Structure formats: C-alpha cells, structure tokens
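Undergrad: Those protein sequences? They're chains A and B, same order as listed.
Under the working numbering, think of the first position of the first sequence as 768, with each following residue one higher.
Under the working numbering, think of the first position of the second sequence as 28, with each following residue one higher.
All C-beta atoms in this analysis are idealised placements derived from N, C-alpha and C, irrespective of residue type, glycine included.
Since we're looking at a predicted model, the values are computed, not measured.
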Amino acid sequence: MSETKKYAANLFSGLRDDMPLDYMAKPSAYFRGAHQIPGASINIGWQVIVKPTFMEKAPHTHDCDEYFAILGAQLPDVFGSFDAEIELWMGPEKEYHLITQPTFVFIPKGLLHCPLNFKTVNKPLMFQAIHLGPRFHKIMAGKEYWFEGPDRSMEGWKSHPVWW
Amino acid sequence: MSAVPGDNSPTSDNNSPTRRAFFMDVAGGAAGIAVASALAQLGAPAAAMAQEPKKELEGIRVPKEPVWPTGTTGTKFDHLFCTTLKEERSFTPAVAAPQVYFRGASDLPGAGINMGWQMFVKPIKLELQSHHHDVDEYIFFLGAQLPDLTANFDAEIEIFLGDEYERHVITKPTVLFIPRGMEHNPLDIKRLDKPIMLSALLCAPYFNGVYQSGYMQLPKMPKVT
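Written as structure tokens, this is what we have:
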C-alpha cells in the first residue's frame with residue numbers, strides 16, 4: 768500500500784533540460800514554475816555558457832522582478848573560474864554595463880533591460896535567470912510573450928520575432 | 028535561394044551542418060516553426076550568426092533585427108549590480124569554501140530575495156528545528172559537478188514538512204517549494220557520497236524566520252515582519 772504524502776507536490780525533480788542550443792553545455796537544468804509545482808512563483812535556470820552568444824537582442828520588461836546570477840562554472844570557487852565579458856544594457860536610455868566578474872543583477876519589475884551579449888567566454892560560466900513569476904514571460908514592443916518549456920504549448924511564443 | 032522577407036543579411040549556399048541547419052531541419056511545419064522560435068528566444072548567438080551564412084527559412088517570418096543601442100555610459104543603474112558575493116569562510120567543514128551569497132537588500136537596496144550557493148562535501152544535520160517564514164522559499168538540491176547539475180547526485184537528505192512533520196527523503200536533484208507560513212525542517216544531509224550544491228532562495232529582502240525558539244534574523248539586518 769503506497770503512502771500518500773500531503774506535501775509531495777511541493778517537490779519536483781524533472782529539472783533536466785536538453786534544449787539543443789550550441790552555446791550551452793548539455794544538459795542544462797531548469798525549473799519552470801507553477802505548472803511543475805502548483806503555487807510556485809519562480810522560473811529559474813542553470814545554464815553553462817561555453818561560447819560567445821548574443822542571448823537577448825531586444826529590450827523588454829517583465830511584470831515581476833528578475834535577477835541574473837553570472838558566476839564561474841567550477842564549484843565551489845565560482846570566482847577563480849570566471850573569465851568572461853558580458854554586455855548588458857539597462858533602462859530606457861540603454862545604459863551600457865560590462866560585466867567582468869561574478870555578478871548578481873537585480874532587474875526590478877517593469878525596468879527595460881537588454882540586449883544581453885556574452886561577448887567573450889574564455890572559460891565556461893554559469894548563467895541563471897531568476898524570474899519571480901509563475902511562468903516565464905516578457906513584454907517586448909508592447910506585446911507579451913510567454914514560455915513554459917520545450918515540452919509545453921508554444922502558443923505564447925509563436926509570434927516572437929526570430930532574428931537569425 | 029530566395030530572399031526571406033525582412034531579411035537584411037547576406038545569403039550563401041554553404042551546406043555545412045550548422046546550428047542554423049538544425050533549425051532548418053526542425054522548421055518544417057507549424058510545430059517545427061514553434062520549436063525553432065522557442066529555441067531562438069532562448070538565445071541566438073550573435074557571433075555564430077555573423078559567421079554563419081544565411082539559408083532560406085521557408086515558412087518562418089524573419090523580421091529586421093532591432094536597432095542596436097547607442098547606449099549611454101552613465102552610472103544610474105550601477106546600484107542594480109552586486110559583485111560582493113564571495114564569503115571566504117564557511118560556517119562548517121561540511122561546506123566547501125568559498126561560499127556564494129546574495130544578501131538581498133543589504134547588497135542591493137530594493138532587492139527582494141536572498142540566495143546562496145553552497146557546496147556540501149560532508150554529511151551534516153543542517154537544520155535542527157522547524158521554522159517558517161512570512162514569504163515563499165525555494166530550496167534547490169543539485170549535483171555539484173558542472174555543467175550537468177542534474178547528474179552526479181549521490182546523497183540522501185531527510186527533511187520534514189508541515190506542522191505534522193511529514194518526512195521526505197531526497198535522493199535526486201530536486202526543487203522544494205516552501206510556501207509562506209509552512210513549517211519546514213529539521214534537515215539532515217544523512218549520506219553524501221558525492222558533493223551537492225544546495226541553493227536556498229528566500230523571497231525576502233532580509234533573511235528572517237520564526238523558529239520554535241522564537242523570531243530569528245541575521246545580525247544587523249532590519250526586522251522585516
């Protein structure tokens with residue numbers, strides 16, 4: 768007889784993400800919010816960037832706070848293992864910031880941010896986008912797009928511009 | 028090779044098996060377009076794009092790239108970047124040094140989360156008593172061997188949830204969601220045959236909690252509740 772646990776739904780283990788993106792080591796890990804744990808209000812990834820990539824091309828906002836963790840990819844010393852340059856533009860005035868050391872970035876709700884360019888990657892680095900909403904979304908040029916993972920409906924993303 | 032509407036970059040007949048070729052392969056039909064689009068949103072490598080020749084993208088609308096920002100070089104948003112994450116010492120030999128911590132509003136005024144990255148290398152009874160917070164918390168139990176944090180997990184972690192102390196044993200990479208008000212702990216890393224990375228993320232500007240022994244907060248931090 769199996770044991771029923773009241774809080775079993777608060778734990779989730781399907782974190783492996785095999786998105787075939789050539790600038791990331793595979794697999795990466797991702798937790799995609801409320802459809803994986805009801806009530807959860809966070810989307811968070813663990814991605815190891817292995818070569819330069821222009822990750823986000825257009826400024827956008829979110830209806831929630833977001834944070835970026837940009838760390839070296841060797842535990843425990845994520846500082847000594849960091850050797851990269853990342854460009855990030857912030858605000859409507861597109862203020863330029865160049866990240867050259869492990870950094871945590873706070874992007875308050877509604878603040879325009881990006882482009883985001885991993886310009887130099889001399890050593891792999893761990894990138895985490897920490898999105899404090901129940902499902903990942905962004906608002907770009909007045910239109911909202913949302914994404915729940917590669918195994919879910921693409922309805923919210925099908926009209927997202929693709930820049931090759 | 029026909030031009031793609033809105034495409035303003037050069038074209039070529041290069042047939043090498045590139046990432047773009049992958050997208051070409053998956054871009055047949057609506058489902059393929061959706062997958063390609065979704066993947067592209069998660070990053071289209073600029074350098075690779077500059078180097079890779081353009082191929083025909085049948086059925087995919089390719090708009091002009093956004094105007095590249097001239098930008099400013101001011102300091103208005105400096106207060107949103109924290110580089111003081113390194114904590115040289117760990118509080119126990121069970122955690123390898125250095126530790127990595129983002130300490131919320133203490134580090135960046137206005138920030139609403141506390142988050143740590145700790146590499147555990149020995150078993151330890153990490154939390155001895157139950158407590159709760161007035162905000163949501165997430166604990167991420169992962170392997171410690173990058174890049175694949177979902178592998179190399181060889182540990183057994185016991186944690187108790189709720190007022191009834193419901194026992195859970197974590198033996199694989201796991202996210203634990205602890206809604207505000209929910210009692211949780213004790214927490215015992217009983218067996219650790221490979222190091223793990225434990226990240227706790229508390230949705231509060233300053234760390235605090237209500238323990239059986241009373242309210243607790245980190246020294247020198249403002250009381251939140």
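Would you say B/I216 reaches chain A, if we count a Cβ-Cβ gap shorter than 8 Å as a contact?
TA: What you label residue 216 of chain B is simply residue 189 of the second sequence in a count that begins at 1. For B/I216, the answer is no, since every Cβ of chain A falls outside 8 Å of its Cβ.
Undergrad: Return no unless some Cβ of chain A is closer than 8 Å to the Cβ of B/I184.
TA: The residue you call residue 184 of chain B lines up with position 157 of the second sequence. Not an interface residue.
Undergrad: A/I850 lies in the alpha helix (DSSP H); which residues open and close that run?
TA: Within the first sequence, numbered from 1, the residue matching residue 850 of chain A stands at position 83. Note on identity: in this sequence residue 850 of chain A is Asp, with Ile being the wrong assignment. Taken as a continuous stretch (DSSP letters only), A/D850 belongs to no alpha helix (DSSP H), as it is neither H nor E.
Undergrad: With DSSP as the reference, label A/L782 as helix, strand or coil.
TA: Residue 782 of chain A sits at position 15 when you count from the first residue of the first sequence. Coil at A/L782, not helix or strand.
Undergrad: With contact counted as at least three CB pairs below 8 Å, one residue from each stretch, are the stretch 112 to 129 of chain B and the stretch 181 to 196 of chain B in contact?
TA: no
Undergrad: Taking the Cβ atom as the reference point for each residue, do B/P213 and B/G139 lie within a distance shorter than 8 Å?
TA: Residue 213 of chain B sits at position 186 when you count from the first residue of the second sequence. Residue 139 of chain B sits at position 112 when you count from the first residue of the second sequence. No; because the gap between Cβ atoms is not below 8 Å, this pair is not in contact.
Undergrad: For A/V845, which residues from the same chain have a beta carbon less than 8 Å from its beta carbon, with the 5 sequence-adjacent residues on both sides left out?
TA: Working through the first sequence from its first residue, we reach residue 845 of chain A at position 78. For A/V845, where only same-chain residues beyond five positions count, the Cβ hits under 8 Å are L838, G839, P869, M893.
Undergrad: What separation, rounded to the nearest whole angstrom, lies between the Cα atoms of A/K818 and A/D789?
TA: What you label residue 818 of chain A is simply residue 51 of the first sequence in a count that begins at 1. What you label residue 789 of chain A is simply residue 22 of the first sequence in a count that begins at 1. Distance between the alpha carbons of A/K818 and A/D789: 8 Å.
Undergrad: How long is the line joining the alpha carbons of A/L842 and B/F180, rounded to whole angstroms?
TA: Here residue 842 of chain A refers to the residue found at position 75 of the first sequence. Here residue 180 of chain B refers to the residue found at position 153 of the second sequence. So the two alpha carbons sit approximately 14 Å from each other.
Undergrad: Could you work out which residue in B/E183, B/F168, B/D105, B/F204 is closest to B/P150 when comparing CA atoms only?
TA: Start at 1 with the first residue of the second sequence, and residue 150 of chain B comes out as number 123. Cα-wise, what sits closest to B/P150 is B/E183.
Undergrad: How far does the beta strand (DSSP E) with B/A182 in it extend, from its first residue to its last?
TA: Position 155 of the second sequence holds residue 182 of chain B. That run of the beta strand (DSSP E) goes 182 to 188.
Undergrad: With respect to the beta strand (DSSP E) encompassing A/S926, which residues constitute its N-terminal and C-terminal limits?
TA: Sequence index remark: in the first sequence, residue 926 of chain A carries index 159 (1-based). Counting along the chain, A/S926 falls outside any beta strand (DSSP E), and DSSP gives it neither H nor E.
Undergrad: Taking 8 Å as the cut-off, does the stretch 860 to 876 of chain A touch the stretch 769 to 783 of chain A (at least 3 CB pairs, one atom from each stretch)?
TA: By the Cβ test, the stretch 769 to 783 of chain A is not in contact with the stretch 860 to 876 of chain A, since fewer than three Cβ pairs between them sit closer than 8 Å.
Undergrad: Between the stretch 797 to 806 of chain A and the stretch 889 to 903 of chain A, are three or more C-beta pairs nearer than 8 Å?
TA: Contact holds: three or more Cβ-Cβ distances are below 8 Å.
Undergrad: For B/I133, name the three-state secondary structure that DSSP assigns.
TA: Your numbering for residue 133 of chain B matches position 106 in the second sequence. The residue asked about is misnamed: residue 133 of chain B is Ser in this sequence, not Ile. Correct three-state label for B/S133: helix.
Undergrad: What does A/A807 reach in chain B if we use C-beta pairs closer than 7 Å?
TA: The residue given as residue 807 of chain A occupies position 40 in the first sequence. Chain-order list of chain B residues neighbouring A/A807: F204, by C-beta distance under 7 Å.
Undergrad: Could you confirm whether any beta carbon from chain A is found closer than 8 Å to the beta carbon of B/G59?
TA: Residue 59 of chain B sits at position 32 when you count from the first residue of the second sequence. Unreliable placement is indicated for B/G59, whose pLDDT of 37 sits below 50; the coordinate value is still reported in the next sentence. Chain A contact via Cβ: absent.
Undergrad: Excluding five sequence neighbours on each side, which residues of the same chain lie with their C-beta closer than 8 Å to the C-beta of B/A61?
TA: Taking the first residue of the second sequence as 1, we reach residue 61 of chain B at position 34. A caution first: B/A61 carries a pLDDT of 39, below 50, which makes its placement in the model too unreliable to give a value.
Undergrad: Can you tell me the Cα-Cα spacing of B/I205 and A/M857, whole angstroms?
TA: One-based indexing of the second sequence puts residue 205 of chain B at position 178. One-based indexing of the first sequence puts residue 857 of chain A at position 90. If I take the Cα positions, the gap works out to 32 Å.
Undergrad: Would the beta-carbon of A/E852 fall within 8 Å of that of A/K886?
TA: The residue labelled residue 852 of chain A in the question sits at position 85 within the first sequence. The residue labelled residue 886 of chain A in the question sits at position 119 within the first sequence. Yes, the pair counts as a contact, with Cβ atoms nearer than the cut-off.
Undergrad: CA-CA distance, A/L782 and B/M224?
TA: In the first sequence, counting from the first residue as 1, residue 782 of chain A sits at position 15. In the second sequence, counting from the first residue as 1, residue 224 of chain B sits at position 197. C-alpha separation (whole angstroms): 14 Å.
Undergrad: Run the CB neighbour count on B/G70, radius 10 Å, all protein chains shown included, and call it buried at 16 or more, exposed below.
TA: As a first step, residue 70 of chain B must be located in the second sequence, where it is residue number 43. Because B/G70 carries a pLDDT of 38, less than 50, the predicted location of this residue cannot be relied on, and the following value inherits that uncertainty. Buried: at least 16 other Cβ atoms inside 10 Å.
Undergrad: Mapping the DSSP letters down to three states, classify A/R919 as helix, strand or coil.
TA: Here residue 919 of chain A is taken as the residue at index 152 of the first sequence, counted from 1. Coil at A/R919, not helix or strand.
Undergrad: Going along the stretch 101 to 130 of chain B in order, which residues come within less than 7 Å of chain A, judged by CB to CB distance?
TA: Against chain A - using a Cβ distance shorter than 7 Å - the residues of the stretch 101 to 130 of chain B are G101, K103, F104, L107, F108, C109, T110, L112, K113, A123, A124, P125, V127, F129.
Undergrad: Going by the beta-carbon positions, is the gap between B/K103 and A/E854 smaller than 8 Å?
TA: Here residue 103 of chain B is taken as the residue at index 76 of the second sequence, counted from 1. Here residue 854 of chain A is taken as the residue at index 87 of the first sequence, counted from 1. The answer is no: Cβ separation not under 8 Å.
Undergrad: So for A/H802, helix, strand or coil by DSSP?
TA: To locate residue 802 of chain A, count along the first sequence from 1; it is residue 35. Of the three classes helix, strand and coil, the one that applies to A/H802 here is helix, per DSSP.
Undergrad: B/P200 and A/S780: beta carbons closer than 8 Å?
TA: Locating residue 200 of chain B in the second sequence gives position 173, counting from the first residue. Locating residue 780 of chain A in the first sequence gives position 13, counting from the first residue. Result yes, Cβ atoms of B/P200 and A/S780 sit closer than 8 Å.
Undergrad: Buried or exposed for B/L245, please, with buried defined as at least 16 other CB atoms from any protein chain shown within 10 angstroms of its CB.
TA: For the purposes of this step, residue 245 of chain B is identified with residue 218 of the second sequence, where counting begins at 1. So B/L245 counts as exposed.
Undergrad: How would you call B/E164, buried or exposed, if buried means at least 16 neighbouring beta carbons within 10 angstroms?
TA: Numbered from 1 along the second sequence, position 137 holds the residue referred to as residue 164 of chain B. B/E164 comes out buried.
Undergrad: Could you tell me if B/L66 is buried or exposed, where buried requires 16 or more neighbouring beta carbons within 10 angstroms of its beta carbon?
TA: Translated into the one-based positions of the second sequence, residue 66 of chain B becomes position 39. Below a pLDDT of 50, predicted positions are generally treated as unreliable, and B/L66, at 46, falls in that range; no measurement from the model is reported.
Undergrad: Going straight from the alpha carbon of B/G241 to that of A/P917, what length do you get?
TA: Walking along the second sequence from the start, residue 241 of chain B turns up at place 214. Walking along the first sequence from the start, residue 917 of chain A turns up at place 150. The alpha-carbon atoms of B/G241 and A/P917 are separated by roughly 44 Å.
Undergrad: Could you give the distance in angstroms between the alpha-carbon of B/P44 and the alpha-carbon of A/P787?
TA: Taking the second sequence and counting its residues from 1, the one referred to as residue 44 of chain B is at position 17. Taking the first sequence and counting its residues from 1, the one referred to as residue 787 of chain A is at position 20. Bear in mind that the predicted position of B/P44 carries a pLDDT of just 33, short of 50, making it unreliable; the figure below should be weighed with that in mind. Near 14 Å, if we compare the C-alpha coordinates of A/P787 and B/P44.
Undergrad: For A/T828, collect the residues of the same chain with a Cβ closer than 6 Å to its Cβ; drop the 5 residues on either side in sequence, then sort them by chain order.
TA: The residue you call residue 828 of chain A lines up with position 61 of the first sequence. Cβ within range, chain order: G877, L879, I906.
Undergrad: Starting from the Cα of B/A227, find the closest Cα among B/Q156, B/I166, B/F118 and give me that residue.
TA: Here residue 227 of chain B refers to the residue found at position 200 of the second sequence. If we check each option's Cα against that of B/A227, B/I166 comes out closest.
Undergrad: How many Å lie between A/W913 and B/G170 at the Cα?
TA: Along the first sequence, one-based indexing puts residue 913 of chain A at 146. Along the second sequence, one-based indexing puts residue 170 of chain B at 143. Whole-angstrom Cα-Cα distance: 29 Å.
Undergrad: Taking Cβ-Cβ distances shorter than 8 Å, what residues in chain B pair up with A/G858?
TA: Locating residue 858 of chain A in the first sequence gives position 91, where the first residue counts as 1. The answer, in chain order, is K103, F104.
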